[in-house]
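Using my numbering, read the sequence shown as starting at 87 and increasing by one per residue. Every residue, glycine too, gets a C-beta built ideally from N, C-alpha and C. Quick caveat: nothing in here was measured; it's all calculated off a predicted structure. Report on the structure given below.
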Amino acid sequence: MFKRKKYKMDMTTILILVIIGLAAGMLGGMVGIGGGIIIVPALVYLLRFSQLDAQGTSLALIMFPVGILGVLQYYKQGHVDFTVVAFIAIGFIIGSLLGSKISLSIPQETVKKCFAVLLLVMAIKMLFFDKNQKVKTPSNTTSTSGN
Numbered sequence: 087m088f089k090r091k092k093y094k095m096d097m098t099t100i101l102i103l104v105i106i107g108l109a110a111g112m113l114g115g116m117v118g119i120g121g122g123i124i125i126v127p128a129l130v131y132l133l134r135f136s137q138l139d140a141q142g143t144s145l146a147l148i149m150f151p152v153g154i155l156g157v158l159q160y161y162k163q164g165h166v167d168f169t170v171v172a173f174i175a176i177g178f179i180i181g182s183l184l185g186s187k188i189s190l191s192i193p194q195e196t197v198k199k200c201f202a203v204l205l206l207v208m209a210i211k212m213l214f215f216d217k218n219q220k221v222k223t224p225s226n227t228t229s230t231s232g233n
């Protein structure tokens, strides 16, 4: 069948996932971004997800209703943990409400500048400060597979 990878869920991990969701939801509500800009780097840098696991998780969260076939492909390869998706979604829902309220209460030019700064910071980090990082391994994840 499908290979499934499941990350251990301690309270610290759950809190980080909800905070990632809040940040992505707020920025999504404020400037229309979230998955690729916030969630993927946060999962890679904060929780040491592999790039593919982070992309699969983000895709499942953001595009599940409209990108079901893409989500299914990542899931088949073991790169989606729906428990992780659920905790980020909780934060994302609350964050998108807060972010949209903030964005609608400040000048459009300020929102535009915030968006541009965020993109620059992420680009600079990825270009100049990424080093080979240790990603989650079987010693700190539980992996199951079946045929």
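Which partner residues does Y160 have in the DSSP bridge list? Taking the sequence shown and counting its residues from 1, one reaches residue 160 at position 74. Y160 pairs with nothing; no bridge assigned.
Contact check, L147 vs I102, beta carbons under 8 Å: Counting from one through the sequence shown, the residue named residue 147 turns up at place 61. Counting from one through the sequence shown, the residue named residue 102 turns up at place 16. Taking 8 Å as the Cβ cut-off, L147 and I102 do not qualify as a contacting pair.
Cα-Cα separation, L184 to A140: Taking the first residue of the sequence shown as 1, we reach residue 184 at position 98. Taking the first residue of the sequence shown as 1, we reach residue 140 at position 54. Their Cα atoms are separated by approximately 24 Å.
Excluding sequence positions up to five away, which residues of its chain have a Cβ less than 6 Å from the Cβ of T228? As a working note, residue 228 is residue 142 in the sequence shown. Note that T228 has pLDDT 47, beneath the 50 cutoff, so the model's placement of it is unreliable and no number is given.
Closer than 8 Å by C-beta to G177: which residues in its own chain qualify, once you throw out the five before and the five after it? Chain order, please. Mapped onto the sequence shown, residue 177 falls at position 91. Correct list, in chain order: L103, V104, I105, I106, G107, L108, A109, A110, G111.
Secondary structure of V117, DSSP reduced to three states: Position 31 of the sequence shown, counted from the first residue, corresponds to residue 117. In the structure shown, V117 adopts helical secondary structure according to DSSP, grouped into three states.
With respect to the alpha helix (DSSP H) encompassing I188, which residues constitute its N-terminal and C-terminal limits? On the sequence shown, residue 188 is found 102 positions in, with the first residue counted as 1. Where I188 is concerned, the enclosing alpha helix (DSSP H) starts and stops at 168-191.
Have a look at F214 and V130 and give me their C-alpha separation to the nearest angstrom. Residue 214 sits at position 128 when you count from the first residue of the sequence shown. Residue 130 sits at position 44 when you count from the first residue of the sequence shown. Roughly 16 Å between the two C-alpha positions.
Just checking my contact of G122 with S144 at CB under 8 Å: how many whole Å lie between their CB atoms? Against the sequence shown, residue 122 aligns to sequence position 36. Against the sequence shown, residue 144 aligns to sequence position 58. That pair is a contact at about 7 Å.
Per DSSP, what kind of secondary structure is K217 in: helix, strand or coil? Against the sequence shown, residue 217 aligns to sequence position 131. Note: K217 maps to coil in three-state DSSP.
Is V117 near S191, with beta carbons less than 8 Å apart? Here residue 117 refers to the residue found at position 31 of the sequence shown. Here residue 191 refers to the residue found at position 105 of the sequence shown. No, these two residues do not count as a Cβ contact at 8 Å.
For I174 and L206, I'd like the C-alpha separation in whole angstroms. Residue mapping note: residue 174 aligns to position 88 of the sequence shown, counting from 1. Residue mapping note: residue 206 aligns to position 120 of the sequence shown, counting from 1. A direct Cα-Cα distance of roughly 24 Å separates I174 from L206.
Between the CA atoms of V157 and P151 - distance to the nearest angstrom: On the sequence shown, position 65 is the one that residue 151 refers to. On the sequence shown, position 71 is the one that residue 157 refers to. Rounded to the nearest angstrom, the gap between the Cα atoms of P151 and V157 is 9 Å.
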